[in-house]
Each structure stands twice: as C-alpha cells, then as structure tokens.
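Here's the structure we're looking at; comments come further down.
There are 2 protein chains.
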Amino acid sequence: MHAGFGITVEATDGTARAGTLATWHGSVPTPLFMPVATLASVKGVDIGRVAETGAGMILANTYHLHLRPGEEIVAEGGGLARFMGWNGPTLTDSGGFQVFSLAKQVKVTEEGAFFRSHIDGSAIDLTPERAIHIQERLGADVAMQLDEVVALPADRERVDAAMRRSLRWAERCLAARTRPDQAMFGIVQGGLDGDLRQESAEALRALPFEGFAVGGLSVGEGPEAMGEALRATTPHLPVDKPRYLMGVGQPQDIVNAVAAGIDMFDCVLPTRCGRNSLVYTFAGQVRLRNACHATDQRPLEEGCPCLACRHSRSYIRHLFMAGEMLGPVLASIHNLTFYQRLVARLRAAIVAGEFAVVAADLLPRFTTVGE
Amino acid sequence: MHAGFGITVEATDGTARAGTLATWHGSVPTPLFMPVATLASVKGVDIGRVAETGAGMILANTYHLHLRPGEEIVAEGGGLARFMGWNGPTLTDSGGFQVFSLAKQVKVTEEGAFFRSHIDGSAIDLTPERAIHIQERLGADVAMQLDEVVALPADRERVDAAMRRSLRWAERCLAARTRPDQAMFGIVQGGLDGDLRQESAEALRALPFEGFAVGGLSVGEGPEAMGEALRATTPHLPVDKPRYLMGVGQPQDIVNAVAAGIDMFDCVLPTRCGRNSLVYTFAGQVRLRNACHATDQRPLEEGCPCLACRHSRSYIRHLFMAGEMLGPVLASIHNLTFYQRLVARLRAAIVAGEFAVVAADLLPRFTTVGE
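In order, the protein sequence lines correspond to chains A and B. Quick note on this note's numbering: the first sequence kicks off at 1 and runs consecutively. Quick note on this note's numbering: the second sequence kicks off at 1001 and runs consecutively.
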C-alpha cells in the first residue's frame, strides 16, 4: 500500500464496516458518500456549501474533464482539488463508464476504447495507459483502472469476455502508474453472475491495488439482483482495503450495500433529483412541485441542519415554480446533506452494533412517498 | 416620519452624503446598493451568500411577486424578508416600471394600469390603491408609490402629463396606506426636463412621504443627461429624507449619482452581467470567456474578499465554457461584492472629505476594459 493511503476498519456489525479512510488530503469516516463534481463542480453548489453538507471526499469524471477544460488546465491549476477549491480528498473515475454511456461511435478493442466526443465529435482514444496518464494529471487521491462496461442484460459470454479484458487492463493500468501520491483501485466486473464476480475479485486482489470497486451495477438490474451481485463479491475482497460501489445509488441501495460490506459510494442522484425538485427525507421522497406545498411552512425536513431547511417548503416550491436557479441549488444542498446524514447514521449504527435494527427501520421509509 | 424609519446624514462632501438609514429590520450605511431579488431570490445566490457580499438591504419586485407566488403566499410566509430568509431591511417597487416594460396590452387611465400578465396572459389591474395593498401584504420596510413611467425620448407634453398623473397617484397611494411599520417613498418624474423634475420634486416634498425616489432614468438617455436630470432634482428634495435612484446602474452612474446627493440604489446589473460572464473590477470589466483567461491563475480581482476570488479565473472560465451553473453563481457573487465595495469606498471618501479625488480616480477605470 502506498504510504499515506488506506482504510482502518474500526467496527464491524455482520458484514457491515465502519472505519476511516486516510488519504494525502486528510482522513474521512466510512461508510462514505462522495458528491459528484462531474466537471470539477458539484452542480450549482459552491464548494463551501458542499463542505457544509458534511461531505468529506468528492468524485470528478475523467471523461468530462478530459473534454473540458482538459487535464493540462486542471494540472496547471494545481490538480483537481486545488482547481475546484476543495480542501480534502478526491477521486476520479477512469472515464470507462462515460465512454460507454455518452460517447459516440465507440469502438472497443484489446488496445482500448476509441470514440468521438459527445461535445464536438472529435476523435479520442482511451487506452488503459492514457486513462492513467490523464488521471495522474488530474491528480486526485484515488484513480480508477480503465474497465470495459457491458450494458445489462447481456450474454454470459459477453460479460465473461469484458471481465477478462478488464483484468488485463487492470495490469496495464498498474504498469502505467508513476505517481507515489495517488492510490489506484481495481474494478470488479462480471455482471450478475456470482461466479464471474468471484473470479474477478480473486484475480484483482492478487494485484497491488490500494482498493477495489464494484462496477457495472445500478444499471437497471433492480435492488435484489444488485444485492446478490454484491454478496457474491465482497467476501472475496481483502478486509484491509477500501471497497467502493461505483455510481450507487438510491438510499435503499446504500443501506443494502453497506450491509454487504461496502465502504464508499458516489452518485449524481442527490443533485440530479434536487434540480428536478425531488427531495429526499427520512420519511420518504417529497415532490416539491405538488400544490400541497404552496403554503407549507414546514422545512423540507424537521431537524435537518442544512441551509435549505432554514426556509419553508412554500418558499422553495415558489422558486421552482418561478424557474429561479436558487430552487435547484437549495434542493441539491438538502439532498447532499440527506445522503451525508444517511451514511453517518449507518456508521453510528455499525459502531453501536445496531445496524440490522437501524437498516430495518430505514428501508421501508425510502420506498414510501413522504408528506 | 414614521417612528423607526429615517436617514441620519453623518457627513457631506459637496453634495455627496454619507449616513445611516434606520428601518424596522435594522440600520444600514448609505450610500447603499440593494441587490435585486426579483422573485424573492437574488438569482442563483443563497441568502447567506448575499449577506456575505456586504449587502444590507434587498429589493424585490411587486409585479413579479404578485404574479408568482402571489402576495398572499408571501404574507403567509411572514412577509418578504422572512419568506426569503433575509434578516434585514427590504424594499418593494410598486410594479409600475415592470407594467410598462414587461406586461402585455397595457392600458393606462387616470384610474390606474390595466394589462395582461407576461406569464399567462391573465388580466390584471394595478391602481395606486392596489399597488399599495399588494406592497402592504408583501410587507417590506419601504413601499413605493405607483407612478406612470414614460419611455424616453418623449414629447414634453407626454412627460408633463405622466409627471402630473404620478403626483395625483402619489396622493392616492398615501391615502391608501394602513401599515404603521412601512415607509413609503414618492417618485420624482419629469423625464429630462429640469423644470418638470423640479416641479415634481417640490410637489412631492410637500406630501408626507418618508423618502423620495428619482424614477424614469437609466432608460438609454446616457450618463450626461442622467447627471443633468439628477442635478435638477436633488437640490429640491429635503435633506433629512433618503433619496433613491431607481434601477441604476453602471458603476460610473453610481459614482455620479452619489456626487449629486443620492443615497440609495438598486440594479440587476451585477447579477445579470455575472450570469453572462462579465465581471466588474476596480481595473475595469473582465470578459471571462476570453481565451486569455484559460490558464489565468489570478483571482477575478486581487484583494477582493469574495467567495469567487478564492478561485482562479481559469476555473471560473472553465465553469462558463462547460455550462456549469456554478459559473453564473460565482460571477454574480463577485459582482455583488464589487458593488458593495464600491459604495463602501464612496462612503469612506465622503467621510474623509476626499470624494472628488476618489471619484476622479474611479471614473476612468470603469470605462476601460480590464485585463
């Protein structure tokens, strides 16, 4: 393990873990939820307000930053954290997922991914070596290997081939690294096949990664299938390294994944839903545009310490109905705060040995519609 | 004068004045610049960040709030200030200017203005009595009389008639008021005719207003004509009541108007220009989209204490080029801070008896393009 980086697991409850992730830019408690700063900005929320939500670590997207402003401009600005004014740890993905979901005319060979930018159509190649080079220029605390993502459902043969190619790319990514101050995570693939997930995890753990991610989930497979895939994976990952479930997810997904032993999460849902006036609370989701909130003097959530909850629902609904930018900003701040409160609550439950009780209390709340 | 409201002039320098405006929601130093919260929101900037710019008093638009969410919803939320979470004084305009600039099928009679909403086409009437009723429901510290605004250039006959109608409406507004905790300002009209401005001011000062505004300027007449109209007006206003130049303006306009004895300003320019990546500095305007800022590691302005100036120009330019909401937010915060620093600098100059020197130093800066 690179000096300066690693997880200390401080408590377990069943397979759930509570710990501390040390990085070169500070330590953060786990389970950990990373807000997504796609283009080095958590959409609409200034970095001080992001910190106030309780966030400890931020994710940014390599694909997007490579296109705009380009990794050299980020590097000239002192690297991702300094460029965006964030005084804490950061993580960049490899760009693989965005290539498969956003780019045009994608062609994947053993060498890498070749595609056209969704912004200006320019031709771009993303090999494992180039994915690492770009991430080293971006300079986050954690870089991710390039993997091949397969849309589910898919033939086992296709999933198997992508998993094995991802393993070969994992070795190329490790061989390409040069920075002593950047951790690298391998990514477990294998779709919904438990034996492929196990094989991927066992092969990756033999490689000198500082952590491991579970990729290719939350792509429409549903919570049961996701849970199964996770339970087929985490027992085969080392206990002394962080485990990161990429791009997940809904609050109930996070509870289930923490139960399965995941330490780290990222997701665009709090900000994306916030921009669309959908608000998370511990009593369920609230659709702010509903007319019942027109004169609703309650905050979004009683007891929530966030900036948005100093206002009434009536006010924030008005902002959305009138098309004021501040509506999306405030709802995003609330949702980001909600996710931080959620992982903090799960962490406290693990430490107290009450995880099962707390999870059983929380899960039904997240599938109801709040008032 | 209503108890709880009034200006204390603490220093003069030529015709420029520095003082303190007392209101029911606190006291604020003058000259005073009010950010515009059109729909009870300073576009994109949360109210805590607005306070951090140094703003002491905020303006909102009666016409817009009447349409959305409606004054009753604002009243149920505790009035304008509490509705938007602002812990300080507020002012509402009468809606007159927006009726003449935004509304459709406007018909003005002696009774009032009749028009259709620019949002949904619904028929609305705005008489002097109704303008005051709506503003009393909104509950700002300062309400404005309804006036008839004439687009310039206009025939003297047309300007004269609108000025006299505005005087009659002024009396009707005063007769309609019922709140003991809301000041009301009369509005001087008269276009660019000095004698009409003088006649309007002298007639208004005989009425029991708590302050006086200069209306109908900054509508394309140019800085020289604006200055002339101001100098024809302010000598005829009482020295012991606040003077407010509505909807003005560019930094140089503010310097010139303070020189002419104006105490209060509001303008959408800092936020509107900010949203369009135009940044004010004491070395001139900066167009952030210019390629020269792509790797510019300087802040928007050296020595500026604002949130945006913790970032590089390179970062904020990137936000604009990538279409990130945070770009407009940060540029708005900077520009709002710039306007507060400008009026604070003018105030300090008046107190120090150095206004002419400071104004002569500042004015040429505002007509150059910054680097």
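Note that CB positions come from ideal geometry on N, CA and C, so glycine has one too. In this text the structure is predicted, and so the values were computed from the model without any measurement.
TODO: Using DSSP bridges, identify the partner residues of P29(A).
DONE: T20(A)
Task: Residues within the region 72-91 of chain A neighbouring chain E, beta-carbon criterion of under 8 Å - done: The displayed structure is made up of protein chains A and B, and chain E is not among them.
Open item on the list: Beta-carbon within less than 7 Å of A162(A)'s beta-carbon, same chain only, minus the 5 sequence neighbours each way: which residues are those?
Closed with: E148, V150, Q189
Task: E71(A) - containing beta strand (DSSP E), residue span - done: Segment 71-76 is the alpha helix (DSSP H) holding E71(A); no beta strand (DSSP E) there.
Task: CB contact flag (L1245(B), V1214(B), <8 Å) - done: yes
Task: Bridge partner(s) assigned by DSSP for Q1182(B) - done: Its beta-bridge partners do not exist; DSSP assigns none.
TODO: Excluding the 5 residues preceding and the 5 following R1049(B) in the sequence, name in chain order all residues of the same chain whose CB lies nearer than 7 Å to its CB.
DONE: L1307, I1333
- [ ] Decide if M1001(B) is buried, meaning its Cβ has at least 16 other Cβ atoms within 10 Å, or exposed.
- [x] Model confidence at M1001(B) stands at a pLDDT of 47, short of 50, so the residue's coordinates are unreliable; what they give is reported in the following sentence. It counts as exposed.
Open item on the list: I'd like the list of long-range same chain contacts for S1122(B), defined as Cβ closer than 7 Å, with 5 residues on each side in sequence excluded.
Closed with: R1116
Task: Buried versus exposed call for T1368(B) [16 or more other C-beta atoms within 10 Å across all chains shown] - done: exposed
Task: For E202(A), three-class secondary structure by DSSP - done: helix
TODO: In angstroms with no decimal places, state the Cα-to-Cα distance between W1169(B) and A1154(B).
DONE: 21 Å
Open item on the list: Quick check on the DSSP output: the alpha helix (DSSP H) that includes I134(A) runs from which residue to which?
Closed with: 128-138
- [ ] Could you tell me the distance, in whole angstroms, from the CA atom of A1331(B) to the CA atom of M1325(B)?
- [x] 10 Å
- [ ] Output, in chain order, the set of chain A residues within a Cβ distance shorter than 8 Å of D1120(B).
- [x] Here the premise fails: no neighbours, minimum Cβ distance about 12 Å.
Task: Nearest residue (CA-CA) to S1101(B), options L1152(B), P1069(B), G1056(B) - done: L1152(B)
- [ ] Count the other C-beta atoms from every protein chain shown that fall within 10 angstroms of the C-beta of E199(A), then say buried if there are 16 or more, exposed otherwise.
- [x] buried
TODO: Ignore the nearest five residues each way along the sequence and tell me which others in D1296(B)'s own chain have a CB closer than 7 Å to its CB.
DONE: S1312, R1313, S1314
Open item on the list: Taking 6 Å as the limit between beta carbons, can you name the residues of its chain near V1036(B), skipping five residues before and five after?
Closed with: L1059, D1266, V1268
Task: Neighbour-count burial assignment, P328(A), 16 or more Cβ in a 10 Å radius - done: buried
- [ ] Check distances from the C-beta atoms of the region 1230-1261 of chain B to those of chain A and list, in chain order, the residues that come in under 7 Å.
- [x] none
Task: Cβ-based burial, V239(A) [other Cβ within 10 Å; buried from 16] - done: exposed
Open item on the list: Judging by CA-CA distance, which residue of W1024(B), A1022(B), A1081(B), F1033(B) is the nearest neighbour of I1262(B)?
Closed with: F1033(B)
- [ ] Please compile the residues from chain A whose C-beta is within a distance smaller than 7 Å of the C-beta of M946(B).
- [x] Lying before the first or after the last residue shown, residue 946(B) is absent from chain B, which here runs from 1001 to 1371.
TODO: Report all residues from its chain with a CB closer than 8 Å to the CB of V28(A); omit the five preceding and five following residues, and keep chain order.
DONE: T20, L21, G56, M57, G88, P89
Open item on the list: Using a Cβ distance threshold of 8 Å, determine whether the region 123-137 of chain A contacts the region 170-187 of chain A, with at least three qualifying pairs required.
Closed with: yes
Open item on the list: Can you list, in chain order, the residues of its chain with a C-beta nearer than 6 Å to that of L167(A)? Leave out the 5 residues immediately preceding and following it.
Closed with: A203
TODO: Under 8 Å between beta-carbons, which chain A residues line up against Y1315(B)? List them in chain order, please.
DONE: A40, G77, F83, M84, G85
Open item on the list: So for F114(A), helix, strand or coil by DSSP?
Closed with: strand
Open item on the list: Could you tell me the alpha carbon to alpha carbon distance between A998(B) and P1364(B), rounded to whole angstroms?
Closed with: Given that chain B is displayed from residue 1001 to residue 1371, the structure contains no residue 998(B) and the question cannot be resolved.
Task: Endpoints, alpha helix (DSSP H) assigned at D361(A) - done: 355-365
Open item on the list: List, from N- to C-terminal side, the beta strand (DSSP E) runs of 3 residues or more that fit wholly inside the region 242-289 of chain A.
Closed with: 243-245, 264-266, 278-281, 284-287
- [ ] Leaving out five residues on either side along the sequence, give the residues of the same chain with a beta carbon under 7 Å from the beta carbon of G79(A).
- [x] L138, G139
Task: Contact with chain A by P1069(B), beta-carbon distance below 8 Å - done: yes
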